[in-house]
Amino acid sequence: MTDEENVILSRGGNKAAEESLLNKYTPLVKTVAARFFLSGGEAEDLVQEGMVGLYSAISGYTSKGGAPFSAYAYVCIRNAVLSAVKKSNGDKYSALNNFVPIVEIGGKASAQNPEDEVILSENRREFLQKISKSLSSLEFKVTVMYVDGMSVTEISAALEKPQKSVSNALARAKHKLTALYSV
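Take 73 as the starting number for the sequence shown in my numbering and just add one per residue.
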């Protein structure tokens, strides 16, 4: 059965047709969502936004334009994800997105209770999101591994990079972060 036929059946209440479309296009949703970063959110949030776009495609598709459902679904999914990213980067959310944690943000800290553990985890996630915007990919990886307690030698082996490259990336990251967080 074609996608277009499944769309018509799903609008008529056929759950099997709808499930067929959802199963077929969920990998596309995940692929599109993986290309973007949601400030202050999780990757799964973008997948959910993409699924909203997929549902919108199923309910709004007409074959009158001549485009196949797959192309229409892709545009709807991408637009839904882009809309979520743009919204999260707006002025309304800037205070949350640019939040710098006051409590321990770096390495592993011991939480006194489950609530503290959740707070520490959130603070770490927010810290990592903030520094990821300032550092190159290599600098970010090296910094995270270093903060987690790995030595330059261990990082070098894990990333399969020369120790000198790892040391230089760590030095650049320290310099950038010092400039970012100095008053």
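Where a beta carbon is used, it is the ideal one built from N, C-alpha and C, also for glycine.
Everything numeric in this text was worked out from a predicted model, so none of it was measured.
- Each residue's CA atom was taken as its position, placing E90 and R196 some 39 Å apart.
- A245 is positioned such that its CB atom lies no closer than 9 Å to that of L200.
- Counting along the chain, no alpha helix (DSSP H) covers N86, and no H or E run does either.
- By the CB criterion at 9 Å, A152 and G132 fall outside the cutoff.
- One Cα belongs to V224, the other to E211, and the distance between them is close to 12 Å.
- In the structure shown, L207 adopts coil according to DSSP, grouped into three states.
- Judged by DSSP secondary structure, D117 falls within the alpha helix (DSSP H) whose first and last residues are A115 to G132.
- For the pair P140 and D220, the CB atoms are not nearer than the 9 Å cut-off.
- In the DSSP assignment, T74 falls outside any alpha helix (DSSP H), carrying neither H nor E.
- DSSP, read as helix, strand or coil, puts F141 in helix.
- Around L118, the same chain offers A105, F108, L110, V153 and A156 as residues with beta carbons nearer than 7 Å, after the five sequence neighbours per side are excluded.
- Taking the C-beta atoms as reference points, T215 is found no nearer than 9 Å to L192.
- Boundaries of the alpha helix (DSSP H) harbouring R244: Q235 to Y253, taken from the DSSP string.
- F199 carries a helical assignment under DSSP once its states are collapsed to helix, strand and coil.
- Linking M217 to E187 through their CA atoms gives a straight-line distance of about 25 Å.
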